[in-house]
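Adding 774 to a residue's 1-based position in the sequence shown gives its number in this note's numbering. Where a beta carbon is used, it is the ideal one built from N, C-alpha and C, also for glycine. Because the structure is a prediction, the values reported are computed rather than measured.
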Amino acid sequence: MTDPTSPAKRRVVILSGMSGAGLSTALKVFEDLGYEAVDNLRLSLIPALVEDSALSGRHLAVAIDTRNANFSVDELLRVDHLLMEKPDLQVSLLFLDCSDDALQQRFTETRRRHPLAIDRPVTDGIKHEREMLWGLKNEADQVIDTSSISIHDLRRLIAGYYRFDHTLGLTIFITSFSYRHGVPREADLIFDARFLNNPHWDAALRPLTGRDAAVVDYIRKDPDYSSFMHNLSQFLLPLLPRYQQEGKSYLTIAIGCTGGRHRSVMVAEELTTLLAAGDYVVGVGHRDVDRATKI
């Protein structure tokens, strides 16, 4: 990958991935960010598009998927490598992935046919496409799994990774989550808060969340809480400038607990306050806070 810190370089992002994983939404996000967005151009025409003087050096996002009549993983990777050799370009290959179950549900709900299984079950198309694309996913500079994220979160991730205004420096997003519902696959760093005393077992605190004062006070009384937060800050604060020096513009930190409602929410909020005090641009979200509270 070329140096992302160089402001003189023009960005070219090639998008691909599993059908139903959100390529159309992703391409629209790039368009909103100011990229010239092109959908399913013939692979052989991509180099000419990049050199097109009519684009006047605009940043470019091109989506290529298996609907393309000339689709070939080998050819797409050849084009990607060819563009990466150009010193004036910053080229990135983005792959959108999604679990088989989530893809099948999406195709069922929309009543769409899978492009690789027009006259066969959707599961056949998903399996065939995954086998076809594994090499492309393996070569991708960035993989975003959309199985359990909203359209809003997909927009946030793409904007974080691919905005071309670096004056904000490193932007951080902190999310709480429930281990029961899976680890956020977009997370760069994951921390486990399940060792802390669990407010779920207090009937008065169970309906509340980690944003409520009573829950915050309960967790702070855990004898290991203060040392945990101190050690976490001592680990993160020296690390963040190094990420920034390496050209990383967006970092996702995930805090997990059993139910994703109390401990992880509280720690995520506290960590957000701590990092914001260090003049970082920090956002916070709570993926599973509104899910059922059973353990």
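Query raised in the report: With distances taken from CA atoms, which of ALA961, ASP871, VAL1041 and THR945 is nearest ILE986?
Result: For the sequence presented, residue 986 should be read as Asp rather than Ile. Taking only the C-alpha atoms, the option nearest ASP986 is VAL1041.
Query raised in the report: Would ARG1035 pass as a contact of GLY984 if the rule is Cβ separation under 9 Å?
Result: yes
Query raised in the report: Would a C-beta distance cut-off of 9 Å place ASP962 and ILE1029 closer than the cut-off?
Result: no
Query raised in the report: LEU910: buried (16+ other C-beta within 10 angstroms of its C-beta) or exposed?
Result: buried
Requested in this report: Can you tell me which of the three DSSP states ALA876 falls into?
Outcome: helix
Report task. Note the first and the last residue of the continuous beta strand (DSSP E) segment covering SER952. Result -> 945-952
Requested in this report: Please confirm whether any heavy atom of the ligand HEM lies closer than 8 Å to the CB of GLU849.
Outcome: As presented, the structure is devoid of all ligands, the ligand HEM included, so that no description of it is given.
**Report entry** alpha helix (DSSP H) segment containing LEU1078, residue limits
**Finding:** Nothing can be reported for residue 1078, as the shown portion of the chain is limited to 775 through 1069.
Query raised in the report: Can you round the beta-carbon distance between MET792 and LEU870 to whole angstroms, since I take them to be within the 8 Å contact cut?
Result: 7 Å
Report task. Measuring alpha carbon to alpha carbon, tell me which of ASP991, LEU979 and LEU1045 ends up nearest LEU1006. Result -> LEU1045
Query raised in the report: Looking at C-alpha atoms only, which residue of GLN1019, LYS1022, GLU810 and LYS802 is the closest neighbour of SER827?
Result: GLU810
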